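Residue numbers (this note's numbering), protein chains in the order written: chain A, 179 to 537; chain B, 179 to 537; chain C, 179 to 537; chain D, 179 to 537.
Only one structure is covered here, and it is reproduced in the block below.
4 protein chains.
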Amino acid sequence: MNLEFFLNYIIESKMCLILKKKILKQPTIPIEVKPKKNVDKLIEEMSLTAFQGRKLAEVVEVWGRMFQEKEIVIWLGLAGAMIPAGMRKILGYLIRKRMLDVIVTTGANVYHDLFEAMGEKHYIGSHFSNDIDLKKLGIDRMYDVFADENKFYELDMWIEENFCSQLKDNYQYSSREILQILGQILYEETKNSESVLSAAYYHKVPIFSPAICDSAIGFSIMFANRRKKRNIILNSLKDIDESSLVTEKAKKSGVVYVGGGIPKNFIQQTAVIAKYQTGHDKGHDYAVQMTTDMPMWGGLSGSTLEEGQSWGKIDKKAHKATCYVDATIALPLVAHALSGRFKEMQRKGPIFKWKKIFT
Amino acid sequence: MNLEFFLNYIIESKMCLILKKKILKQPTIPIEVKPKKNVDKLIEEMSLTAFQGRKLAEVVEVWGRMFQEKEIVIWLGLAGAMIPAGMRKILGYLIRKRMLDVIVTTGANVYHDLFEAMGEKHYIGSHFSNDIDLKKLGIDRMYDVFADENKFYELDMWIEENFCSQLKDNYQYSSREILQILGQILYEETKNSESVLSAAYYHKVPIFSPAICDSAIGFSIMFANRRKKRNIILNSLKDIDESSLVTEKAKKSGVVYVGGGIPKNFIQQTAVIAKYQTGHDKGHDYAVQMTTDMPMWGGLSGSTLEEGQSWGKIDKKAHKATCYVDATIALPLVAHALSGRFKEMQRKGPIFKWKKIFT
Amino acid sequence: MNLEFFLNYIIESKMCLILKKKILKQPTIPIEVKPKKNVDKLIEEMSLTAFQGRKLAEVVEVWGRMFQEKEIVIWLGLAGAMIPAGMRKILGYLIRKRMLDVIVTTGANVYHDLFEAMGEKHYIGSHFSNDIDLKKLGIDRMYDVFADENKFYELDMWIEENFCSQLKDNYQYSSREILQILGQILYEETKNSESVLSAAYYHKVPIFSPAICDSAIGFSIMFANRRKKRNIILNSLKDIDESSLVTEKAKKSGVVYVGGGIPKNFIQQTAVIAKYQTGHDKGHDYAVQMTTDMPMWGGLSGSTLEEGQSWGKIDKKAHKATCYVDATIALPLVAHALSGRFKEMQRKGPIFKWKKIFT
Amino acid sequence: MNLEFFLNYIIESKMCLILKKKILKQPTIPIEVKPKKNVDKLIEEMSLTAFQGRKLAEVVEVWGRMFQEKEIVIWLGLAGAMIPAGMRKILGYLIRKRMLDVIVTTGANVYHDLFEAMGEKHYIGSHFSNDIDLKKLGIDRMYDVFADENKFYELDMWIEENFCSQLKDNYQYSSREILQILGQILYEETKNSESVLSAAYYHKVPIFSPAICDSAIGFSIMFANRRKKRNIILNSLKDIDESSLVTEKAKKSGVVYVGGGIPKNFIQQTAVIAKYQTGHDKGHDYAVQMTTDMPMWGGLSGSTLEEGQSWGKIDKKAHKATCYVDATIALPLVAHALSGRFKEMQRKGPIFKWKKIFT
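Below, the structure is given as C-alpha cells:
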C-alpha cells in the first residue's frame, strides 16, 4: 500500500527529481509586519506559513468556498459557552450575512444569549479566584468570567413563569421550536437582532439545541411541569427528524464546527441519517473545525474530519480544514477575515419550511 | 487578600521556620520496582509521587471514601466511546459491586454496549488508516478501532423494527426508561450481566442518556415514527425531572466524571436544581474526574471542580481529585485499584423507585 | 487561609453587596464585526472578552508596558522551529524596532534562519504525508512543512568548511559569539537585515542558543573538529556567564516566552543567578508567555508564571500574562498589534559590551 | 495515490469482502477486573483495548522487543523533572537491569537526583498554592511538589566549592564526563546505587546532559570560574562527538523517549550524524515515546516518530509506539510491566570505552 513498487520504479528511471520538484513547489512565505494591516490581509498571509497559523487561514478559505455554491446548506456546530466570552455579536453578524444557515448548539449558549439579550451582563473575572469566596458572594465563575447568580435565578424564574405561559401543554416541541418562540419574543420585545436568538428568528435561521435540557432553560421548563402541573413536552426525537430533513433535502452541505460535543456529533449524524433515508451515499461537501479537542483520546469531539470520511459523514471529496485553537481566538479572526473578504456579499440561504407551531 | 500582613508578622516573629517545617512535612517517596506488584499497590505508592501520577492515586482514594458513607448516591458521568475501547466489563464490574449508583452517559456508549451485547465486535485498527479506503470497504473508524458498518446497520434495523415494537405510542419516555427496557430485553435474552445495559438493569442502576437522540438509538426510533407512523415520545424534560430527584433526595452525593460533555454537566446541574427545589445550599460531597479536557478553554467539560464550587455544584467542603489522563488508561487502573482495596466489599446502593413504565 | 473569618464578618455587616458590586464591575463586551478592522483594533477588543482570546490581548498589553520602562532589558525566549513556519521577518521586525533586547532560542531556529538567509526555502507540505515516501525522495518533514534534505546537507558542508574556517582554535566561544560571527557574515554578504541573525548582528541584539550543539550547526562544527583536526571550543559555561550578567546588571527586566524548553528555563534561571550574585531578591518585572505547554505535567515548559514567582524567577509584583495558543497564530497577531499600537516608536535598547571575539 | 484504481478493481471483482475480513480480524477484548491483578498482566490486557490504553501496552511491547536483539544500544531520552516526582528508583532499576544503555536528560533531572542522593527531600505540595506566600517562606514549587530553597542553595555551594575542586582547569569536559565524576563521587561516598547518577556510574551507563548549563549544576560551575578564577571548560561539541559515536558504532539502536525537548532531539540527531559519518542510511531500529507533547504545534518535542522517518532519524522499518500520557503515570506502569515480563532477565548492554578523564 505504500507505493514502494511505483517509487522504486521512478527512482530507477530518474524521475525522482521531477517528482520532488513538483512536491517542493510553493515555499512558505515569511509574513512582513505592517502597522495597520487588517485582519483579512494577515489571515491571507498566514495561508503561506505553517502549523496552526496556516490551518486558520485554510478554515477561512474553505468556509469562504461554501459561499460560492448556489445550493448549499451551511451548518454551524457551536459548543462551549461562547456568549459570556463576548462572541454574541460575531454570531449575530454571521447570521445576518447568512454565512450560516442552521445552528446546533449547547443549552449554555442559548441560555447565556437570552441572559444578555435581557440586558444582563457577564463580567471580567479571574481564573485565579478563590471559588469558596465567590460562592459566598453569589458569584458564578466560568474560567475568567463572572456572573451574578441572582440574575441567573431571576431569568430562570422568568422562563418558568413567563416564557412557559406561552408554551402549550401536550404539544410535542422540538428544541428548534422552543428556541424559535424564544427568538420571536426577544425580537418583538427588543426589535433588535444583536442576540443570536433574535437574529436567528428574524433571519429564519433555525437553532437546534438537542441537549437543551442540560441547561437552565431545560430545568426551568421542567419546574413549570413539576410545580404548576403543566404538561410541556420536548420530544427530542423531533429534533432528529427536523434536523436530518435539512441534510436529506440539501443539494450540498457544509459544516463549521467550533468545538466538539453534541453539536458536532449531531450535525455529523445527519449525513448518516440522510444516507439511510435517501440511499445516496454522500457526506457533507465542505467541513471546517476550530477546536482544542485532540484526536488521540478517541472521542467524537476531537475526531479528525478524515475519520468522519470513513463513516461517510464527510464526503470523500470534501474540502476540509481543521485548526487547533481556542474558539475565542478563532471566531473573531475567522469572522473578520470572512467579513473583509466578502464585504459586499449578502448571501441568501435556503428558507426552511416547518409546520406552524403556534396554534 | 494574600495574607501579606499576617505573613509579615510571622516572619518578624521568627515563626516562619515553624510554618515552613509544617508545610514541608511529607516527602515524595520514590517508587521501587517489583516484578509482580499488583495494580492496587502501585497506585497506592503513586500517592506519594507527583503530577498526574499522584492525582490518579487521589482519584482512587476519594472514590474509595465514598463507599464509607452510609447514605450516599454515587453518580458516574461517562463521556466518549468507551465500549469499543474494551471498557465494557470494567463498567459491568463497577455496577455489580455497586461502586456507582446512577450513570449518565452518551448515546454512543449505550449504543456500542448494545452492539457488543448482541454478540458483535469492535476491531483493533490503526489511526494511520486511509479513511477513503475504509469507506469503500464499509469500515467505520474510531481512532484506532474499526467496526463493520453493515453490522451497525443491522442493529439500527433491529432497533427500528424489534425494539420499537416494544415501546408504546403516546407515552412520554425518559431516556432512563428506554434504557431500562433495553437492559431488560438484553438481560432476559442473554441472562448475563456483562453488558452495561443488562448489568444496570439487573442491579437496578438507572442509566440516563440525555442526548440519546444524538446516536443511532435515537435516529432509529425516529425512523420508527417516520416510516411506521408511530408516535413514540422521548420527553427530555422527564430526564431532568427524574435525575434531579435523585440528588434532591440523596443525603449525600458523590460524582465520578470520566471525561466531560453532557454527562458531566447534567450531573453537575442536578445540584443546582436540588438547591432550587429544596432550598438547601449543598453541592456534591465527593467529586473525582479523569479527563483530557483542559480548563483554559473555558468550557464546562474542562472546568475544574473548584470552578464548580463557585456555582455550588460541588460542595465547598467536598473531597475532590482531578487527574488529566486518557480514560482508557485511567479506568482500568482505577477499577483494579478499587477492586484490590475493596475486595470483600459488596456495597448496597440506594434503590430508586420510579413509576412503572410498562403498561 | 480562605478569608472565612473576614468574609463572614462582611456578610454579617451587609457589606457583601458592596464587595460583589466592586467585583462585578467590568462587563465582557461582545465584539462587533467590521470588514476592514485592523489587527491592533481587534486584539484590543479581545481584551474585554474571555478565555484565551482575552489572554492574547493581555500579552500585547503587558509586552507594550515594557516599552514604557526607561531602563529595562527585554528577553525573548523562542522555542520550536519558527523559521520554516514563516516567522522570520516578524522576528526581524521585532529586532529592528527593538521590541526585544536579547534572544535565547533553539539550534533549530538559528539553523533554519541561516538556511533561509542563504536563499534556501522551506515548502508548503502536508501533515498527512507518507513519511516513507518522503524519505525516498529526500524530503524532510516538519509537521506540514517540507524541506529538501540535499540543501540541508549543502548548508552543513558550508558550516563545516567555510564558516569554521573563520573560527579560531583553542578559543572558548559562547553560543552568542558563534551566532554573532554568523550574523556578521550574513550581514556583510547580503547587506540586508531580514534574517534574524543578520538583523540581530546589525542591531546589536545578542542571541544565545545554549543547546546549539543540539542542531546541525553544532554537529557541523564538531565535524570540523573531528575531520579536520580542529580544536574549536564551545564552552557552554560561558553562555551562563554572559547571559546572567545581562539580568544582573539590568535595572528592570522583562521576559517574553514563545513556547517553553531551554529558552524559557535559561532566561528564568538568570534571575536566580542574579540573586546569588548580587544578593538582591528580585525576579523579572514583566513576563508574558504564549505556549501550548500545559502546567499539569509538572515540567518547566508548561509551568505557570506564578510558579516562577515561588522561585523568585518572576517578581512578586510582576505584570504577567499567559496565553495558551500555537505560536504561529500568536506571533503574527501580537507583532501586528504591537506594530499598530507603537507605530511611531523606535525603542533604544541597552547596548551590551562584550569583550572582543575576533582575535 | 489513494489506491482508487486498485480498490475499484477489487470491489468489482468481489474481493472486497475478503479484504474486509482480513482487516476486521482481531476484536478488541473487554478487560475483566480481578482484585489482585498485577501490573504486567493488566498492561498486557490493555494491548487489546484502544486509544492511549492500547498504546501504553504497545510501548511495553516494543521496548521489550529491544531486549531480544543481541547487539543493540538502547537510548533513553528523559525530559522534565522526574526525580522530584518520585521516579528516581524506577530509573535506578532500569539501569541496574540494563533495560537502557545510554541516557540523555535535562540538567534538572541530574540536579534533583544529586539532591536526593545527598539525602535531601522533595515534598508533597499543592498546585493551588499561593506562590507569593511560598516565596516568603523560601519554598520552591514544581506544580504540586515543594522544595526548601535553602537546601538547594547548600547543594549549589557544594558544587561550586567541593565538586569543582575535583575538576581540572583547561581540560575540555563533555557533560558525560562531568556526570560520570559526579556519579563516582556519589557511589564512593554512599556505596549505594539507588540514585540515577551512582547507578549509572556503577553500571557504566553514560549520561549526557547537553544543556546541563541550563541548571544549577551549570551555573554553580560557572560561579567557580567567575569567583575563584577557575578555567573549567565544558565543551558542548564534545557531547555531540561522544554521543554520535554511540549510534555510529551500534549495529542496531533503540530509543525510548519520555517527553520531548533536548533529550529527544539530541538522540534523534545521532542518527543523522551517523549517516553523515558512515554513509549508511539507517535510522533507529526501535522507537517508543511517552509524552504529552502534541504533533500539531510543529515542534520536535511533539513530532511523531513517523515524521522522524522522513528525516531518516527513525528507520523506515522500525518498530514504533507512541503513547500520549503523563510520564508520572507512564513510567511506573511501563517499568513494572517490563519488570514482570522480564523478571529473570539481566541484560548485558554494550560497554562504552571512553578515553580516561581523570589525569
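Beta carbons are placed, not taken as given, at the ideal position from N, Cα and C, and that holds for glycine.
From a predicted model like this one, the values you see are computed outputs, not experimental measurements.
Check, Outcome
"Have a look at F401 (chain C) and C391 (chain D) and give me their C-alpha separation to the nearest angstrom.", "23 angstroms"
"Between which residues of its own chain and C501 (chain B) is the CB-CB distance below 6 angstroms, once the five residues before and five after are set aside?", "Q230, K233, L234, V237, M468"
"Note down, in chain order, every chain A residue with its Cβ under 9 angstroms from the Cβ of M472 (chain D).", "M472, M474, Y502"
"Check the Cβ of Q123 (chain C) against every Cβ in chain B and list those closer than 9 angstroms, keeping chain order.", "Nothing can be reported for residue 123 (chain C): it is not among the residues displayed for chain C, which extend from 179 to 537."
"Using beta carbons (cut-off 8 angstroms, strictly below), is H462 (chain C) in contact with chain A?", "no"
"Label H514 (chain D) either buried or exposed according to how many other C-beta atoms from any shown protein chain fall within 10 Å of its C-beta, with 16 as the threshold for buried.", "buried"
"Give the DSSP-derived three-state secondary structure of S431 (chain A) in the structure shown.", "strand"
"Rounded to the nearest angstrom, what separates L364 (chain C) and I221 (chain D) at their Cα positions?", "54 angstroms"
"Along chain A, which residues have their Cβ under 8 angstroms away from the Cβ of I411 (chain B)?", "Q350, I411, N413, L415"
"Would you tell me roughly how many angstroms separate the C-alpha atoms of C309 (chain D) and G316 (chain B), rounded to the nearest one?", "Checking the sequence shown, residue 309 (chain D) turns out to be Asp, not Cys. About 55 angstroms."
"Using 8 angstroms for Cβ pairs, my map puts G270 (chain C) next to V374 (chain C). What's the rounded Cβ distance?", "6 angstroms"
"Would a check of beta-carbon distances place T537 (chain C) closer than 8 angstroms to chain B?", "Residue placement at T537 (chain C) cannot be trusted, given a pLDDT of 39 that sits under 50; what the coordinates show is reported in the next sentence. No, its Cβ sits nowhere closer than 8 angstroms to a Cβ of chain B."
"Go ahead and pull the three-state DSSP assignment for Q204 (chain D).", "coil"
"Which residues in chain C sit within 7 angstroms of Q204 (chain A), going by Cβ to Cβ distance?", "Y301, I302"
"In chain D, which residues lie less than 8 angstroms from A508 (chain C) when you measure between Cβ atoms?", "Correct list: empty, because the minimum Cβ distance to chain D is about 11 angstroms."
"Using DSSP with H/G/I as helix, E/B as strand and the rest coil, what is F401 (chain A)?", "helix"
"Please classify N413 (chain B): does DSSP put it in a helix, a strand, or coil?", "strand"
"Nearest chain C C-beta to W336 (chain D) closer than 8 angstroms, yes or no?", "no"
"At a CB-CB cut-off below 7 angstroms, which residues of chain B make contact with P384 (chain A)?", "Ordered by position in chain B, no residue passes the 7 angstroms Cβ test against P384 (chain A), which lies about 16 angstroms from the chain."
"Grouping DSSP H, G and I as helix and E and B as strand, with all else coil, what is D322 (chain D)?", "coil"
"Under 8 angstroms between C-beta atoms, does F341 (chain A) make it to chain B?", "no"
"Measuring only the C-alpha atoms, how far is K521 (chain D) from P213 (chain B)?", "6 angstroms"
"Determine the direct distance from the alpha carbon of A257 (chain D) to that of W532 (chain A), and round the result to whole angstroms.", "59 angstroms"
"Quick one: is E485 (chain C) near chain D, going by C-beta distance under 8 angstroms?", "yes"
"If you check the beta carbons only, do S422 (chain D) and I445 (chain D) fall under 8 angstroms apart?", "no"
"With a cut-off of 8 angstroms, does the C-beta of A286 (chain C) fall near any C-beta of chain F?", "Considering every chain present, this structure includes no chain F. Its protein chains are A, B, C and D."
"Under 6 angstroms Cβ to Cβ from M472 (chain B), same chain only, skipping five residues before and after it: list those, please.", "G480"
"Alpha carbon to alpha carbon, what distance is there between I268 (chain D) and P510 (chain D)?", "7 angstroms"
"Whose C-beta lies closer than 7 angstroms to the C-beta of K198 (chain A) among residues of the same chain, with five residues either side of it excluded?", "none"
"Under a three-way DSSP split, which group does G258 (chain D) fall into?", "coil"
"Determine the chain C residues that contact Y271 (chain A) at a beta-carbon separation under 8 angstroms, and present them in chain order.", "E210, V211"
"Going by DSSP, what residues sit across from A235 (chain A) in a beta bridge?", "A235 (chain A) is not bridged to any residue."
"Against Y379 (chain A), what residues of chain B qualify as contacts under a CB-to-CB distance less than 8 angstroms, listed in chain order?", "Ordered by position in chain B, no residue passes the 8 angstroms Cβ test against Y379 (chain A), which lies about 22 angstroms from the chain."
"Under 6 angstroms Cβ to Cβ from F293 (chain A), same chain only, skipping five residues before and after it: list those, please.", "L333"
"Could you check how far apart the C-beta atoms of Y351 (chain C) and L412 (chain C) are, in whole angstroms? I think they sit under 8 angstroms.", "5 angstroms"
"I'd like the ranges of any beta strand (DSSP E) spanning at least 3 consecutive residues and lying wholly in the region 237-296 of chain B.", "250-256, 280-283"
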